[in-house]
Each structure stands twice: as C-alpha cells, then as structure tokens.
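In terms of my numbering, the sequence shown has 375 at position 312, counting the first letter as 1, and numbering is strictly consecutive.
Backbone N, C-alpha and C fix where the C-beta goes; we use that ideal spot for every residue, glycine too.
The structure displayed is predicted, hence computed values, not measured ones.
Here is the structure we will look at, set down as structure tokens.
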Amino acid sequence: MTGERVDLTREPSWRELLEFHRSESPVLYEKIIRHFLLVLIEEGLMTLDELEAQVSRVAGDADFLHWSNPNRPAPSLSEGAVDELRNIVRETAADLWSDEKIEDLIYMAIKKDLALRLAEMADDPFSSWREIGRESLEFSKMPIGGATLSLSDAMGTRVALIRRLLSDQLEYLNIAKNVLTIRDFSEIMSRVIGPEQGLGKLGGKAAGFILAHDALSKARRQGRAVGQFKTPHTYYIRSDVILDFLKANGLGDLANIKYREGDDLRRQYSILQRLYRTGRFPTYVVKRLSGILKTLGEVPLVVRSSSLLEDRLGAAFCGKYSSLFVANQGSLHDRMHELLRAITQVYASVFNPGAIQYRKERGLLDFREEMACIIQPVVGRRIGRYWLPAFAGVAFGSNDYTWSPRLRREDGMVRLVVGLGTRAVDRVGEDYPKLFSPGQPSLRTVVHPDEVLRYSQHFVDVVDLAENRFVTVPLDQLMREAGNRFPAAPQIFSIHRDGQLIPAMGLMLNVDQRDIVVTFDGLLERTGFARQMKEILDVLGETWGVPVDVEFAHDGEHLHILQCRPQSRAGHYARVEIPAGVRPEDKIFSASRFVQMGQVADLEYVVYVPGEAYAELEDYEKLLSVGAAVGQLNRILPHRKFVLMGPGRWGSRGDVKLGVRVDYADINHARMLLEVARRKGDYVPDVSFGTHFFQDLLEADIGYLPLYPDDPGEIFNEEFLLGSPNSLADLLPDRADLSDVVRVIHVPAVAQGRLLDIIMDADLGRALAFLKSA
Numbered sequence: 064m065t066g067e068r069v070d071l072t073r074e075p076s077w078r079e080l081l082e083f084h085r086s087e088s089p090v091l092y093e094k095i096i097r098h099f100l101l102v103l104i105e106e107g108l109m110t111l112d113e114l115e116a117q118v119s120r121v122a123g124d125a126d127f128l129h130w131s132n133p134n135r136p137a138p139s140l141s142e143g144a145v146d147e148l149r150n151i152v153r154e155t156a157a158d159l160w161s162d163e164k165i166e167d168l169i170y171m172a173i174k175k176d177l178a179l180r181l182a183e184m185a186d187d188p189f190s191s192w193r194e195i196g197r198e199s200l201e202f203s204k205m206p207i208g209g210a211t212l213s214l215s216d217a218m219g220t221r222v223a224l225i226r227r228l229l230s231d232q233l234e235y236l237n238i239a240k241n242v243l244t245i246r247d248f249s250e251i252m253s254r255v256i257g258p259e260q261g262l263g264k265l266g267g268k269a270a271g272f273i274l275a276h277d278a279l280s281k282a283r284r285q286g287r288a289v290g291q292f293k294t295p296h297t298y299y300i301r302s303d304v305i306l307d308f309l310k311a312n313g314l315g316d317l318a319n320i321k322y323r324e325g326d327d328l329r330r331q332y333s334i335l336q337r338l339y340r341t342g343r344f345p346t347y348v349v350k351r352l353s354g355i356l357k358t359l360g361e362v363p364l365v366v367r368s369s370s371l372l373e374d375r376l377g378a379a380f381c382g383k384y385s386s387l388f389v390a391n392q393g394s395l396h397d398r399m400h401e402l403l404r405a406i407t408q409v410y411a412s413v414f415n416p417g418a419i420q421y422r423k424e425r426g427l428l429d430f431r432e433e434m435a436c437i438i439q440p441v442v443g444r445r446i447g448r449y450w451l452p453a454f455a456g457v458a459f460g461s462n463d464y465t466w467s468p469r470l471r472r473e474d475g476m477v478r479l480v481v482g483l484g485t486r487a488v489d490r491v492g493e494d495y496p497k498l499f500s501p502g503q504p505s506l507r508t509v510v511h512p513d514e515v516l517r518y519s520q521h522f523v524d525v526v527d528l529a530e531n532r533f534v535t536v537p538l539d540q541l542m543r544e545a546g547n548r549f550p551a552a553p554q555i556f557s558i559h560r561d562g563q564l565i566p567a568m569g570l571m572l573n574v575d576q577r578d579i580v581v582t583f584d585g586l587l588e589r590t591g592f593a594r595q596m597k598e599i600l601d602v603l604g605e606t607w608g609v610p611v612d613v614e615f616a617h618d619g620e621h622l623h624i625l626q627c628r629p630q631s632r633a634g635h636y637a638r639v640e641i642p643a644g645v646r647p648e649d650k651i652f653s654a655s656r657f658v659q660m661g662q663v664a665d666l667e668y669v670v671y672v673p674g675e676a677y678a679e680l681e682d683y684e685k686l687l688s689v690g691a692a693v694g695q696l697n698r699i700l701p702h703r704k705f706v707l708m709g710p711g712r713w714g715s716r717g718d719v720k721l722g723v724r725v726d727y728a729d730i731n732h733a734r735m736l737l738e739v740a741r742r743k744g745d746y747v748p749d750v751s752f753g754t755h756f757f758q759d760l761l762e763a764d765i766g767y768l769p770l771y772p773d774d775p776g777e778i779f780n781e782e783f784l785l786g787s788p789n790s791l792a793d794l795l796p797d798r799a800d801l802s803d804v805v806r807v808i809h810v811p812a813v814a815q816g817r818l819l820d821i822i823m824d825a826d827l828g829r830a831l832a833f834l835k836s837a
C-alpha cells in the first residue's frame, strides 16, 4: 500500500502505520526502525554481531562480516543491504513482541522525534513562534501513557522550551525542568501574544505563576493536602512586544534615562509616562487583544507586570513595576482603549525611579530589561455596582517578625483582606489587614474585642463598574450595597454587640452595617483554609528550595493562586546581649514589641520627624515636602550610618497625615526605620509584614522596629531627640523651613564623639538604643 494514506482517525495496525511513515516520512521511518533495534539490543534479544551476520548472509557480502582490520576503513552497506537490515529488525520485532508493544514503540519513536524537533526549534533563534506552537500542539496530541520519553530526552526539550519562553536564569531552569512537562507548553503558547519572529519571554512573574500551578497540581495528584484551587485563565504579552512598541513610536532613544540621577530622573520619568500613553501598538497586538476582549466579555481585568528581571531569586522587585486594574465595561472600542492605556503604563514603569535605584544597587542597571505583561480576569463576582473577590491576600512561608514566643519562623504568615488584595500588599495609612500564622492560626495578634474592632479592616478596594475604575469604599457602604448577598459572609465577618464579638450566622438580617467587623474567625476556626495555606506554602517552598510568598484571591467558593516567588528575607544575626550598665541618660529608646534579632552599630545620624510637629502641618504640599526632604537626606548622609524615626506608617498610600510619604529611593541608604506610635495621636504602626514596602526593607537589609513610647516601662529620650542641635539647615539650606518637623541629629557632635548602637534581643523580646562609650 505504498503511497496510500492511512486513515488516522481509527487505530491502524502497526504494519499499516509503519508503511505510512515509510512512504510519507522516510527519515521518521528510519528513526522508528533504529528505535526498534536499540530496544532489541537493550532487552538482550539481539546483538549487533548477530544482525551483521544476518545481513551479510542475505546480501552475500562476506567482506562486511570480516571487516575488522584496523588498517583499513570499515566497509559501507549497499542500499540493498540497508533495506535488508531494516526488514530483519522489523520482522525480528514482529516475532518477539506483541502488536501492542510494537505500536507503543512506534508512538514512542514518534514522540521522541517530535520532542527533539521541538528542542531544536526552541534553540534556533530564527525559528518562528508559529512553528514552535504547531510542533508543541502535535506533541500534546500524542497518546498519554505507554512508553515514555527517556529522562535525558525529556529534560533536553523541557530546558529548551523553558529557556526560550520563560527564563534563562539557571536557578529557575534547575527547578522548572523537574516540574513543567513538554505538554504544558502547548496550552501556554496558545495564549501568548507576540511577533512571529523574536526571542521575547513571558517574564519572571509569569514564570513563577506557571511553575506554582504545575507544582501544586502535581502535589495534589501525589496526595498532598493542597486542597482545591484554581488559577485564572491567563493571557501573556511577550517581552519583545515592547520593542515593537518603542520602534513604532520612535521612543527607543529614551532607554538611557536609566543612567540619570535623582530629581533629573524623576522629571524625565514624568515626561516618558506621557509619551508612552500616546503611543500606538502594532496591528498584530490590537487584533489579538480585540479577540481576547470579545472572548472574555465585560469582566474586570488586571494587567500585571512581568519583566525579565522580576520575581527572580535575590531580586523580587516587589511593587517596583505597575500592575493595574481595568474595569473593562462599555463598547469594545472603549474597552480596548482602556486596556492599551494600562499596558503602556506598565511599560513606562520600567523607568520608575524606585525600580532604577533598585537595579543600580544590585548591579542590574546595564541589563537590557524588557517588560512582558500578564492579563487576567479579576477573581470575584459582582456585588451591586462593585466587582471584588470575597477575600484576598498574600502568604509567606517564613515569618521573621513573630507576635508570640510560641510562633516559629516556619509557621509562616498570611495577610488577609476583604476585597482586592491590594490592601494586603500595599501600605495603607488608615486600615489594618488580618494577620495570622497558617502554622498556628489560633495565636492572635490582638484578643480583646475593642482591640479587634480598632485593628480591623474598615475600607475595601473594589472595581466600581458604574464609575469604570478602581476605588476604595468604606466597609459599611459596601455591606449596604451587598445586602445579604456577600459571599462567604459567615466565614469573614463577626458582629460587634454589647462590647462583644459574636459570629455572623446565616444571612445577617437585621444587622446594622456599622456593627459588622472583619475578623475571619469563621474562616480560621470552622474551615480548613489555614491548613490548606500551610500545605501550599510547604509544597511551593520545597519546589523552590527556599520559602516563598504567594498572592491569592477567593471568590467565596474557590481559592485562586495568582502569583508565587521566592520570599525576601531578613539576614540572620547572632544574639547580642543588651549591656546591663548603660547610664539612664545614655539610653535613647527601648522597645518590647515585634523585636527581631540583631545589632545596628556605630550610627552617626538620627533623622527624626516628631509626631506632634508633623500633625500640625495643614498644607498638603508641606506634608509632601517632608518626604522629599527625607529623600534628599537619604542621598547625602553617609550610607548605612543613619536611622529614620517618625510617626505612623511610612511609605503608605492614602492619607499622608498618617505617615511620611516616601518610596524606596527615599530610604534605601538608611540602616533602620523606626515607626513611632503615641497614644495621644492617631499614629499607629501597621507592623506591615508582607507589604511590598516591607519586602523592600528586608531585601535592602534595612532594619525595622515599631516604637510604643507610652507603653509602661518603655524609654523614649525626648531631651536627646528634641533638645539636640538640628543639622538640617546646614545639610539642606533650601529645607531650613522644615526644621521644626525634620530633625537631623549628628550623634558624635552632641555626644562627645560617641556613636549610637541599637541591640535587639528576640529571645527576650527587648531592644535598646544607647550611646556607646568611645
């Protein structure tokens, strides 16, 4: 039946299958026969000497049998002899193996051939994505089961695909090649947007997300208690699309602004953002996004950054690049315009001064950074005019700042909020997330009902479908809108009544919305959520080989994993005992809450923002100028030789009155940040473990300590902090008008040449700052 096509919609006999490939694909046929031969030899059913003898007898070539003279080349087989060799191998297989085994080996050879072709294409910079996608799809159609690829063949193809599509970072490759399979890539590539030719990747955030999904799915199949989870249906814009965007709009010359400094960089970044917003996208991008919007419909979307450098081991870039929510309502034209505008904003964030400073400190400034994007439907449902998940948050495999001596680092920590998870990862000036340890969820941060009420969440981040934008709404307003339709309400809320907190049961009818308190008591006490999160953190930590942080959202029915990356961690320090003989006048402050282990020695400067003076500022620009002055001091004071002290929550979004407005580039040279909470004011440190701001402190090895001066037994030396000469006007003459609000104390000048030490003893839960004797 040479030349006759086989109907591949039915199961052909193995002889028909071989004849088909001999006619249509001689090279593949040769590989199948070779595979037969190797298996026959491996199973001890044939030797090469026996095969050569049979070929020699049939072909009548005695010279072939006795060619082993070392002084002359080995003879070659004639075409007839080669044909006979193939026939002998095939018929030997037919005599010794079952039809099922032969068919299985044929598919095995085809699978190996496809895998190797895939690897060759992935490694070839000139191969097109369409070709790689087509071969990937063909491989995914191969029957599952039966003979499998050798580990070496599978690894080679996995590594080639990972390196081409996800990441060429060796640390990631070493992990991912043991988790991802070749079949995974067909589904991924069907949802990738990019030019036909190109070497763009999906970026670090996408790589972590894909790896987490596969690792958890594999763990669940193996019986691990990771529970039921989902991941959003995700689309990816490759990192080389930004290169086409820059070329189409003549913006490539702006790349060098990353070498500018300080205020000049900030000005250039502001200009760049406007230029990017007016840019046009290539036709292939618009066409593909149009199809995606039609498929998804009017559901809110999130556009996440996923740069080449992002979320890698040792450089997480937490919060450095933009991730934006898109309401995605209205006509297709309006929705497209909104989506493209969000993508340009993510692109522009490559030059965010905080990101540039972060790269500079890690020797990454000269790396050719490219920005990929992730587009996902926002997890949640419609509640009145709003779209939001029931709850969301971020979980950490290791907790370096424990609130109970019974907690261990490996118990982990979760920040949990109602609504969008932005309030879990951003510092907010006026609110509190739920903190709990998935390893020991019964150990609470606060216990008394009045404290639970005060330190609970009062505002919720949502997508307003009527206003077509991301907004923050008061909890009671959201609950009025929700009525009795809020998903998983009994797990999330409690009722504050007569000074007590009682469980929210049923539909919460006849409940004043102002009495509803976010406690998550039902979730932690009556469901397996904490146990599930602990197992997920353990599985992913084992996969990465280090503790991880995981962002997630819950729609009231299903947990959705959104992101995973190696966790930024504080350095580990040996215990140093607090000296017993420090004179009272040499003690500057003490602390006994959330104390970590460590010592900060030989500090030359204290930058102190007194809470009362800050609170008296009424002008908004004046409040912002305090943060600007701190940023200027950060650039001129001796690196790592000064600490920052001040009220409230530094670096928070929201009311600037509740904390000094700074970003990473304004504090990155400080040795420690000390947030001060006074009972006579509204300044309360968030103890914001897990926010992007806090992760910045950990990665930069900037110590953190909250101070509660009004707690019984605490020391707070205001004579030193308020009475010492202020060096601000000498250092920053143009900021002399802020001398009442920003105090710069040059320690050796006021302490007879002595320096400041801060010793923190986590075992005792005590910290002391004192002037060290010379």
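How far does the alpha helix (DSSP H) with residue i in it reach, from first residue to last?
i	result
residue 249	247-252
residue 469	From DSSP, residue 469 is part of no alpha helix (DSSP H); its letter is neither H nor E.
residue 178	162-186
residue 507	Residue 507 -> no alpha helix (DSSP H), and no H or E assigned at all.
residue 84	77-87
Give me whichever residues DSSP pairs with residue i in a beta bridge.
i	result
residue 439	365
residue 495	The partner list for residue 495 (beta bridge, DSSP) is empty, contrary to what the question assumes.
residue 835	818
residue 668	705 and 809
residue 549	DSSP output for residue 549 lists no bridge partner at all.
residue 293	623
residue 476	459
residue 849	Examination of residue 849 is not possible in this model, given that the chain is present from 64 through 837 alone.
residue 205	Paired residues: none, contrary to the question.
residue 434	370
residue 256	300
residue 526	450 and 533
residue 823	661 and 830
residue 482	524
Under 8 Å by Cβ, that's how I've got residue i and residue j pegged, so tell me the actual separation to the nearest angstrom.
i	j	result
residue 515	residue 606	Incorrect: roughly 36 Å between the Cβ atoms, too far for contact.
residue 651	residue 832	4 Å
residue 780	residue 806	With 8 Å as the limit, residue 780 and residue 806 do not qualify as a contact, their Cβ atoms being about 13 Å apart.
residue 411	residue 498	Not confirmed; about 34 Å, so no contact.
residue 301	residue 265	6 Å
residue 245	residue 221	6 Å
residue 724	residue 690	4 Å
residue 114	residue 148	7 Å
Just the Cα atoms here: how many angstroms apart are residue i and residue j?
i	j	result
residue 162	residue 193	36 Å
residue 284	residue 275	14 Å
residue 758	residue 172	49 Å
residue 761	residue 654	20 Å
residue 614	residue 157	55 Å
residue 658	residue 732	22 Å
residue 166	residue 243	27 Å
residue 91	residue 368	43 Å
residue 775	residue 711	20 Å
residue 783	residue 734	20 Å
residue 100	residue 207	23 Å
residue 258	residue 198	18 Å
residue 562	residue 766	38 Å
residue 746	residue 342	Because the pLDDT of residue 746 is 48, which lies under 50, any placement of that residue in the model is unreliable, and the number read from its coordinates should be weighed accordingly. Near 43 Å, if we compare the C-alpha coordinates of residue 342 and residue 746.
residue 668	residue 810	6 Å
residue 487	residue 617	14 Å
At what residues does the beta strand (DSSP E) containing residue i begin and finish?
i	result
residue 535	532-537
residue 653	650-654
residue 733	Neither: residue 733 is in no beta strand (DSSP E) and is coded neither H nor E.
residue 580	579-581
Does the segment 521-541 touch the segment 620-630, meaning 3 or more C-beta pairs lie closer than 8 Å? Not touching, per the Cβ criterion.
Contact the segment 438-447 vs the segment 364-380: 3+ CB pairs below 8 Å: As far as the Cβ criterion goes, the segment 438-447 touches the segment 364-380, which means the pair count is three or higher.
Please confirm if the segment 468-484 is in contact with the segment 520-527, defined as three or more CB-CB distances below 8 Å between the two stretches. When C-beta atoms of the segment 468-484 are compared with those of the segment 520-527, three or more pairs fall below 8 Å, so the two segments count as touching.
May I ask you to verify whether the segment 394-408 touches the segment 343-359, counting CB pairs closer than 8 Å and requiring at least 3? Segment contact: the segment 394-408 against the segment 343-359, three or more CB-CB distances shorter than 8 Å; contact assigned.
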